[in-house]
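S.K.: My numbering puts the first residue of the sequence shown at 163, with every later residue one more than the last. I have a structure I would like to understand better, so I am pasting it below and will then ask my questions one at a time.
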Amino acid sequence: MSQVKHLLESKGSKVFSIAPDAPVLEAIKHMAEHRVGALLVMRGDQLIGVVSERDYARKVILQGRSSSQTAVSDIMSSTPLTVSPDTDVFDCMRLCTDSRIRHLPVVDGQSVVGVISIGDLVKAVIDAQAEEIEHLQRYITS
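Given below as structure tokens:
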């Protein structure tokens, strides 16, 4: 199975982020604009959290808070789980499933080099299975 670095090579390593003191409304606008479900919360080059649509729904909407008056740092998931570029895709899927998360920042040393989602992982597994089926079909028919 492939590693995270292979996923980033095919999907790209673009990282969408926001500052911790930004209002949640700004984060939601960025997510909508970039069609992503989460943003990394960065202080300069330092990863300090992840804010997701789920955080917004549970910690702003359901609690009756103001999107324009609440800071991202108030609702973000701090100390996010991360993976390295060498992490196996199945290990990432297991981590997402066991931890009930949908987004994993990819960190190489101290640098954030990308983000993978559960959707990226599922696609990678489906592609790998399709390739294996194709190899097996060729083996059987030859």
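Where a beta carbon is used, it is the ideal one built from N, C-alpha and C, also for glycine.
Kindly provide the ranges of any beta strand (DSSP E) runs that are 3 or more residues long and lie completely inside the segment 230-300, ordered along the chain.
M.R.: Segments of the beta strand (DSSP E) lying fully in the segment 230-300: 265-270 and 273-279.
S.K.: Looking only at its chain, what residues have a beta carbon closer than 8 Å to the beta carbon of Ser-246, apart from the 5 residues adjacent to it on each side?
M.R.: Numbered from 1 along the sequence shown, position 84 holds the residue referred to as residue 246. Closer than 8 Å at Cβ, skipping near neighbours: Val-166, Val-268, Val-269 and Asp-270.
S.K.: Does the Cβ-Cβ distance between His-168 and Ala-286 come in under 9 Å?
M.R.: On the sequence shown, residue 168 is found 6 positions in, with the first residue counted as 1. On the sequence shown, residue 286 is found 124 positions in, with the first residue counted as 1. Contact flag set, yes.
S.K.: Could you give the distance in angstroms between the alpha-carbon of Leu-266 and the alpha-carbon of Lys-173?
M.R.: Taking the first residue of the sequence shown as position 1, residue 266 is located at position 104. Taking the first residue of the sequence shown as position 1, residue 173 is located at position 11. Going from the Cα of Leu-266 to the Cα of Lys-173 covers about 14 Å.
S.K.: Can you say whether Ala-200 is buried or exposed, counting buried as having 16 or more other CB atoms within 10 angstroms of its CB?
M.R.: By one-based count along the sequence shown, residue 200 stands at place 38. Buried, because 16 or more other Cβ atoms sit within 10 Å of the Cβ of Ala-200.
S.K.: Closest to Val-203 by CA distance: which of Pro-182, Ala-194 and Ser-164 is it?
M.R.: As a first step, residue 203 must be located in the sequence shown, where it is residue number 41. The option with the nearest alpha carbon to Val-203 is Pro-182.
S.K.: If you scan the segment 171-220 from start to end, which runs of the beta strand (DSSP E) of 3 or more residues do you find wholly inside it?
M.R.: Taking only runs of at least 3 residues, the beta strand (DSSP E) segments lying wholly in the segment 171-220 are 200-205 and 208-214.
S.K.: Taking all protein chains shown into account, decide if Leu-283 is buried (16 or more other Cβ within 10 angstroms of its Cβ) or exposed.
M.R.: As a first step, residue 283 is located in the sequence shown; it is residue number 121 there, counting from the start. Leu-283 comes out buried.
S.K.: So, using beta-carbon positions, are Cys-258 and Ile-288 closer together than 9 Å?
M.R.: Working through the sequence shown from its first residue, we reach residue 258 at position 96. Working through the sequence shown from its first residue, we reach residue 288 at position 126. It is not a contact, given that the beta carbons lie outside the stated cut-off.
S.K.: Which residues in the same chain as Ala-189 place their Cβ atom closer than 8 Å to its Cβ, once the five residues preceding and following it in sequence are excluded?
M.R.: The count along the sequence shown starts at 1 and reaches residue 189 at position 27. Excluding sequence neighbours, Ala-189 sits near Ile-180, Leu-201, Val-213, Tyr-218 and Val-234.
S.K.: How should Gly-276 be labelled, buried or exposed, when 16 other C-beta atoms within 10 angstroms of its C-beta is the threshold for buried?
M.R.: By 1-based counting over the sequence shown, the position of residue 276 is 114. Buried, because 16 or more other Cβ atoms sit within 10 Å of the Cβ of Gly-276.
S.K.: Is it buried or exposed for Leu-209, if we count other Cβ within 10 angstroms and need 16 for buried?
M.R.: Locating residue 209 in the sequence shown gives position 47, counting from the first residue. The residue is buried, with at least 16 neighbouring Cβ atoms inside 10 Å.
S.K.: Excluding the five sequence neighbours on either side, which residues of its own chain have a C-beta within less than 7 Å of the C-beta of Ile-278, listed in chain order?
M.R.: Here residue 278 refers to the residue found at position 116 of the sequence shown. Counting only Cβ-Cβ distances below 7 Å, and skipping sequence neighbours, we find Val-166, Leu-169, Cys-254, Leu-266 and Val-268.
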